[in-house]
Amino acid sequence: MLKRKNTSVVFYKDPWFWVKIGVFVLFLVFLIWPFSSIITNAFRSNKVDGFTLANFDKFFTKKYYYGALGNSLAVSLVPTLFAVLLGVPMAYLMTRYNVWGKKIWHILAILSLMSPPFLGAYAWIMLFGRSGSVTTFLQQFGISIPTIYGFGGISAVLTLKLYPYIYMYTSGAMESIDSSLEECAENLGSGKLRRFLTVTMPVVAPSITAGALVVFMSALADFGTPMLLGGQDYRTLPVLIYQEYLSETGGNGNLASAISIIIVVITLLMLVIQKGWVSRKNYMMSALRPPKVIEVHGFKRFLVTLPVFLISFISFLPQIIVCASSFQKTNYSSFIGGFTLDNYAELGSRLWSSLRNTFSYSLIAMVFIVLIGILFAYVVVRRKGKTGGGLDMLLMAPYVIPGSVLGLCYIVTFNVKPLILTGTAAIIIISYVIRKLPYTVRSASAFLMQMDPSVEEASINLGVAPMKTFWKVTARLMLPGVFSGAILSWVTCINELSCSIMLSSGRNNTLTIEAYTNIVRNSVGSGAALSAILTVTSGIILLIALKITKGKIRV
Amino acid sequence: MSNAVIIKDAVKRYGDFVALKGVSLDIQEGEFFTLLGPSGCGKTTLLRMIAGFNSIEGGEFYFGDKLINAVPAHKRDIGMVFQNYAIFPHLTVAENVAYGLKARKVPASEIKPRVEKALELVQIAHLAERKPSDLSGGQQQRVALARAFVIEPSVLLMDEPLSNLDAKLRVQMRTAIKKLQRQLGITTIYVTHDQEEALAISDRIAVMKDGVIMQCATPSEIYARPANAFVASFIGTSNFIPCTVSPGGEVDVQGKMQFTLPDARGLTGPARLSARPEQIFFADKGLPGKVLFSTFLGDFIEYEVAVDGLGALIVNDYTKDTSTRHADGEAVFLNFDPARVSIFPADEEVGEE
Chain P
1 MLKRKNTSVV
11 FYKDPWFWVK
21 IGVFVLFLVF
31 LIWPFSSIIT
41 NAFRSNKVDG
51 FTLANFDKFF
61 TKKYYYGALG
71 NSLAVSLVPT
81 LFAVLLGVPM
91 AYLMTRYNVW
101 GKKIWHILAI
111 LSLMSPPFLG
121 AYAWIMLFGR
131 SGSVTTFLQQ
141 FGISIPTIYG
151 FGGISAVLTL
161 KLYPYIYMYT
171 SGAMESIDSS
181 LEECAENLGS
191 GKLRRFLTVT
201 MPVVAPSITA
211 GALVVFMSAL
221 ADFGTPMLLG
231 GQDYRTLPVL
241 IYQEYLSETG
251 GNGNLASAIS
261 IIIVVITLLM
271 LVIQKGWVSR
281 KNYMMSALRP
291 PKVIEVHGFK
301 RFLVTLPVFL
311 ISFISFLPQI
321 IVCASSFQKT
331 NYSSFIGGFT
341 LDNYAELGSR
351 LWSSLRNTFS
361 YSLIAMVFIV
371 LIGILFAYVV
381 VRRKGKTGGG
391 LDMLLMAPYV
401 IPGSVLGLCY
411 IVTFNVKPLI
421 LTGTAAIIII
431 SYVIRKLPYT
441 VRSASAFLMQ
451 MDPSVEEASI
461 NLGVAPMKTF
471 WKVTARLMLP
481 GVFSGAILSW
491 VTCINELSCS
501 IMLSSGRNNT
511 LTIEAYTNIV
521 RNSVGSGAAL
531 SAILTVTSGI
541 ILLIALKITK
551 GKIRV
Chain D
1 MSNAVIIKDA
11 VKRYGDFVAL
21 KGVSLDIQEG
31 EFFTLLGPSG
41 CGKTTLLRMI
51 AGFNSIEGGE
61 FYFGDKLINA
71 VPAHKRDIGM
81 VFQNYAIFPH
91 LTVAENVAYG
101 LKARKVPASE
111 IKPRVEKALE
121 LVQIAHLAER
131 KPSDLSGGQQ
141 QRVALARAFV
151 IEPSVLLMDE
161 PLSNLDAKLR
171 VQMRTAIKKL
181 QRQLGITTIY
191 VTHDQEEALA
201 ISDRIAVMKD
211 GVIMQCATPS
221 EIYARPANAF
231 VASFIGTSNF
241 IPCTVSPGGE
251 VDVQGKMQFT
261 LPDARGLTGP
271 ARLSARPEQI
281 FFADKGLPGK
291 VLFSTFLGDF
301 IEYEVAVDGL
311 GALIVNDYTK
321 DTSTRHADGE
331 AVFLNFDPAR
341 VSIFPADEEV
351 GEE
């Protein structure tokens, strides 16, 4: 006879309890603690002892600073608006019509979105910049074109890079509208436009706003584009954080911390507004009969294809331009035409060390991301319990905290005892894990939610212990979801700039940092060659992944 | 080997909600036992407690004379068939069936013949190398079945295994399951909300409602002698006829029929008779009524008859000669054998059909 005891599992004997603890500790040490130290930092100053609002006072009274806040809002809101104006029609045409070359435009959209963060700005400078090829060409005829530096250029580049978020979120929603809903509206006598505005739009609106939120947050956090196109006159908050930190004496980064708080507050505010709005109008819909694709022919088909082609091709163009110019001869600071391989040959050892750093850091990060991602997704979906809400919030955190802010957090926190990590490769890898983990967790948990939990129970029932069942059955079945998320995590690690540039001491430079530094130094040849290598690498990884998953990669 | 299952005062709580209110069962070795009830009655909760997937808030669970309350699910030696089959999608049919044997470290040389034999028993030996995605619902059900019994469990649990199949396949599969269970002699606990299925397949049935067992008996007993109005209405169709009972056991149906029920369950005053449609017949005298509607159903005709003051009664007429079918609107008399009907208190709760 066994001892009589009624509760079968004591909490501390449950391995999932320890997984939760582990995840919390990870985020506590590498997200919550660093972030709280910049909060305290923001309310301190070198000049005063104890609590002070001096940093915020300085920020809101000097135009140099609060002007940047206005700039940041402008180059976040305007691209968001234009991304919606490009993304929604593209989603509509792609889901409802037999557009020519559908797959190609879809892949181009993913490639643009996943391209290095400074690539668009760089390519546009090559064409329309002060010594850009188009600019100089037109100057011969006395024609001058409007400047691409500042608000207009930044907005255009961010719109073209980020519109795919809107396109993908919206087309996902449009595919899940039950066609009978629209047919019903048609039966009731609604015209096409009316039907779109009164039936289709309200149903997909929550997805559009979710996409818009991501675009806004990405634009607000973007660092590479305003650094290149903003110049000395048009600063945004992430640029300020970087510059302030570099210039501030003593390295406490008090003002940079205050700016970080402001940027996070703005993001949080937008998040709350969007969630509040969606919670009031959430139309859950699972398509029993997905909408039919309308077959058009001849000129009409050309008409529905043209806008999709233009949007996706123009947004992809920077990658072509950069790759093409990497084979052009240069006189150090500008391209002079003619084919050459010199740009690549001159890279020498810098290429190899940055390539080695990129791959070793991102792959080490991937090991952790995949492992933690699988466990994290399982806990979030199957063992939610009382702490589930907290776990979900941790997952949102990396979206809310821009890379440059996290970079600052780490420098401020891990520059002193008890944990000195600045200048090491480890801190870059950790920042990758914390920031890019959500892609994998989200994809894996979406996959797990579709899985029947009784499959796990069947295995346990047949005599395989729960934890063994997890690795043998559950994790195995989650792999496709983990894989497509991990690819996004990986590619975004490779292209990461805003955080790692603050954490890297020169010898830790990754390919992205190296390329970016060369561009800033105006060494155009190496910049183009490194960017081309980066673009092609990301592109190949994505294409292989798309091939393996049969196109099922969702951002 | 196969075991008896004894449950004493099982209690299950979800926060403040008590899902099982002290359920006791004594399931014999080799018996086909069914937990039957409407959704939310606690039948699946109880099954999952037996399987070890739900915590036990009170009571004792024995397999034979072994208390299993604290034994984790993977050590209970139970075979289980899930509602959604829960086939491992990444394994072939044969690998699915071999899964439990491998977990038990059965030598490879023994696994192969046992898997083959199990697949033959459920008649899908030819599908051994297929992947589950290539199988129909019925075939997947057979894999689930083979996978559960191949490990020769002490108890076999089945959670609404037929609910995802179409009507015809359901009838076929339930016969197959019943025959297989007889052949293997494994103690089986079966959960369903389908009373017809329960009657067809079980040795004994426990009818449950709101976490309490209403009646536990053989199918024929439950059908003929329902313990209360809920069981009478949930199992099969019942006509409830209001009546009054005098202290001497004299039953009066609205002044139109009188008879004595020696065993009126000690009831006096207002009560309800429960009569199955086939227990009521047309007669020369009895309850006067008018035929509202009739449906020809092959071996019998179902009549809806309006009886003054009682509403409509359902009457199944099994007379061989269907040419004497009563016309709609015809005035008729209905009668029944008082010895075969049941009597319940007037206010006892009735289940919805």
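Just so you know, the protein sequences line up as chains P and D, in that order.
Using this note's numbering, the first residue of the first sequence is number 1, and each one after it goes up by one.
Using this note's numbering, the first residue of the second sequence is number 1, and each one after it goes up by one.
In this text, a Cβ means the ideal position worked out from N, Cα and C, and glycines have one as well.
Residues of chain D whose Cβ lies closer than 8 Å to the Cβ of P/I548 do not exist; the shortest such Cβ separation is about 16 Å. For a cut-off of 8 Å, the C-beta gap from P/S207 to P/T170 is around 6 Å, short enough to register as a contact. Here the C-alpha atom of P/I166 lies approximately 35 Å from the C-alpha atom of P/G22. Rounded to the nearest whole angstrom, the C-alpha separation of D/H74 and P/E456 is 11 Å.
Per the coordinates, the alpha-carbon of P/T330 lies some 18 Å from the alpha-carbon of P/I320. D/A198 and D/F32 have their C-alpha atoms some 10 Å from each other.
In the pairwise beta carbon analysis, the region 1-10 of chain D is classified as touching the region 55-62 of chain D: at least three pairs are separated by under 8 Å.
The CB of D/P89 comes closer than 8 Å to the CB of V455 and L477 in chain P, given here in chain order. Contacts with chain D (Cβ-Cβ distance below 9 Å) from the region 460-476 of chain P involve I460, N461, L462, G463, V464, A465, P466, K468, T469, V473 and R476, listed in chain order. Here D/Q258 carries a strand assignment [DSSP, helix/strand/coil].
With fewer than 16 other beta carbons inside 10 angstroms of its own, P/I544 counts as exposed. Taken atom to atom, the span from the alpha-carbon of P/I336 to that of P/S133 is near 9 Å. Burial state of D/P153 is buried, judged by a 10 Å Cβ sphere holding 16 or more other Cβ atoms.
Within chain D, no C-beta atom comes nearer than 7 Å to that of P/A444; the closest sits roughly 16 Å away. Just so you know, the alpha carbons of D/P113 and D/I151 end up roughly 13 Å apart. In the DSSP annotation of this structure, P/V473 is not part of any alpha helix (DSSP H), being labelled neither H nor E. Around the Cβ of P/S505, a 10 Å sphere holds fewer than 16 other Cβ atoms; the residue is exposed. Just measuring C-alpha positions, the residue of D/Q139, D/G100, D/P161 and D/G255 sitting nearest D/G309 is D/G255. For D/T192, the secondary structure class from DSSP, reduced to helix, strand or coil, is strand. In this structure, the straight-line span from the alpha carbon of P/I501 to that of P/I541 is close to 23 Å.
Under the three-pair Cβ rule at 8 Å, the region 89-99 of chain P counts as touching the region 308-323 of chain P. Contact with chain P is found for D/G100, since one of that chain's Cβ atoms lies less than 9 Å from the residue's Cβ. The region 405-413 of chain P and the region 463-477 of chain P do not touch, with fewer than 3 CB-CB distances between them shorter than 8 Å. P/N415 sits in coil when the DSSP states are folded into three classes, being neither helix nor strand. Contact of D/N84 with chain P by beta-carbon distance below 7 Å involves D452 and S454. Under the Cβ distance rule, P/A377 does not count among the residues neighbouring chain D, no pair being separated by less than 9 Å.
Within chain P, the C-beta atoms nearer than 7 Å to that of D/A51 come from N461, in chain order.
For D/D26, the enclosing beta strand (DSSP E) stretches over residues F17 to I27. D/R276 and D/L47 have their C-alpha atoms some 31 Å from each other. Taking a Cβ-Cβ threshold of 7 Å, none of the residues of chain D is close to P/A83; the smallest such distance is about 38 Å. Scanning P/N55, P/I110, P/D57 and P/G70 for the CA closest to the CA of P/K552 turns up P/I110. Here the C-alpha atom of P/A74 lies approximately 13 Å from the C-alpha atom of P/I263. Between the alpha carbons of P/T147 and P/G231 lies a distance of about 12 Å. Remark: C-beta atoms of P/L228 and P/V203 do not approach each other more closely than 9 Å. In the three-state scheme derived from DSSP, where H, G and I count as helix and E and B as strand, P/T135 is classed as helix.
DSSP places D/F300 outside both helix and strand once states are collapsed to three, so it counts as coil.
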